[in-house]
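This report refers to the structure that appears directly beneath it.
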Amino acid sequence: MTWDFKIQLQGLPGDQAAAKMIKHYDLPYTLQEFEKLNVESQKGKWTQAQFLPGVKELLLYLKKDKKMPIALCTSSNVSRFEGKTSHLKEIFNLFDVVITGDDKRIPKGRGKPYPDIWKVGLNQLNQLYNKTITPDHCLVFEDGVLGCQSGIRFGAYVIWVPHLKAYEHLPPPSEVLGEQGEVLKDLTEFNPNKFNLG
């Protein structure tokens with residue numbers, strides 16, 4: 008799959024991404040057949056997934072050093088999320104809350120770029136910590152355009168870290184983020200002091 012098409016799929020709930028792929032490539036599969044083949048082809052690679060530069064260090068810093076409430080809100084369904092992360096539990100267990108794309112609290116058809124997944128995640132964090140954190144006090148870290156749009160609609164400040172191979176196919180950051188975010192090459196560039204997290 009080429010990056011010009013892949014960036015259109017990033018952040019979509021699984022069934023929407025699958026439907027888009029079937030249509031784009033004119034594949035002779037039903038949604039269920041395609042999803043089964045897709046999972047089978049990816050399953051063997053999931054345990055090879057590793058953190059991108061700066062991710063592990065930032066999570067450890069935010070959770071262990073700063074005791075920040077943190078949530079992970081992914082468009083992946085729960086089984087795919089578990090498959091991709093089961094070998095990295097030490098770090099993924101740092102998240103107070105994990106919301107997956109198939110969470111029943113997210114209305115059908117309201118995946119990214121809609122902000123619902125972030126609202127569910129923040130609501131759960133607020134319940135867990137007995138706080139009233141508002142979206143404008145949240146940072147959203149995203150790799151895809153739809154996720155960035157979702158974070159902005161939510162009302163958070165967005166840190167966009169696109170895959171290096173995607174850059175040439177992306178719209179200008181100002182079109183996606185406006186004044187409500189910034190682009191980083193990787194998370195080693197993240198400056199906690201800018202957000203009073205130092």
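For what it's worth, this note's numbering labels the leading residue of the sequence shown as 8, then goes sequentially.
Glycine residues also receive a C-beta, built at the ideal position from the N, C-alpha and C atoms.
- Using a C-beta cut-off of 8 Å, the segment 60-73 makes contact with the segment 190-198, since at least three inter-stretch Cβ pairs fall below that distance.
- Between R160 and Y121, the gap from beta carbon to beta carbon is short of 8 Å.
- Around the beta carbon of Y164, a 10 Å sphere encloses 16 or more other beta carbons of the protein chains shown; the residue is thus reported as buried.
- The DSSP-derived three-state label of C80 is strand.
- Between Q131 and V104, the C-beta spacing is below 8 Å.
- If one requires a minimum length of 4 residues, the alpha helix (DSSP H) runs lying completely within the segment 58-110 are 62-67, 85-92 and 96-99, in chain order.
- Excluding sequence positions up to five before and after P76, its CB lies within less than 6 Å of the CB of D103, L132 and Y136, all in the same chain and listed in chain order.
- Q17 and G154 do touch by the CB rule: their CB atoms are close to 7 Å apart, below 8 Å.
- Bridge partners of I124 according to DSSP: none are assigned.
- F197 sits in coil when the DSSP states are folded into three classes, being neither helix nor strand.
- Assignment of I159 by DSSP, reduced to helix, strand and coil, places it in the helix class.
- I113 carries a coil assignment under DSSP once its states are collapsed to helix, strand and coil.
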